[in-house]
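For the sequence shown, my numbering begins at 1 and goes up steadily by one. This report concerns only the one structure given below.
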Amino acid sequence: MEEKGDQAREVMPEAEKGKELDLNLLFPGKGYDLNRLFPDEGTKKLLGQLKRNKRDIERFIKSLHLEEE
């Protein structure tokens, strides 16, 4: 199971190189256009990485809670 997660992480950056990140899809429910607020491609990539890191941390914490039970 760990190997699949590692492989997915390695493939994701290559897939993102060819497409532009849509911040409105990445962070839904906001009342303003995030793509216009953050037009810089470097900032978009940083925010995308932030979202992935948050998801990975939440999964890690959840796995810790499962091991405790």
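Idealized CB from N, CA, C, for every residue including glycine.
query                                                                                                                                                              : result
What would DSSP say about Asp56, mapped onto helix, strand or coil?                                                                                                : helix
Locate the alpha helix (DSSP H) running through Leu34, then write down its first and last residues.                                                                : 34-37
Would you kindly report the start and end of the unbroken alpha helix (DSSP H) that includes Leu21?                                                                : Taken as a continuous stretch (DSSP letters only), Leu21 belongs to no alpha helix (DSSP H), as it is neither H nor E.
For Leu25, I'd like the list of residues in its chain whose CB is within less than 8 Å of its CB, leaving aside the five on either flank, ordered along the chain. : none
Among the candidates Leu64, Leu23, Phe60, Asp56, whose CA atom is the shortest distance from the CA of Pro39?                                                      : Leu23
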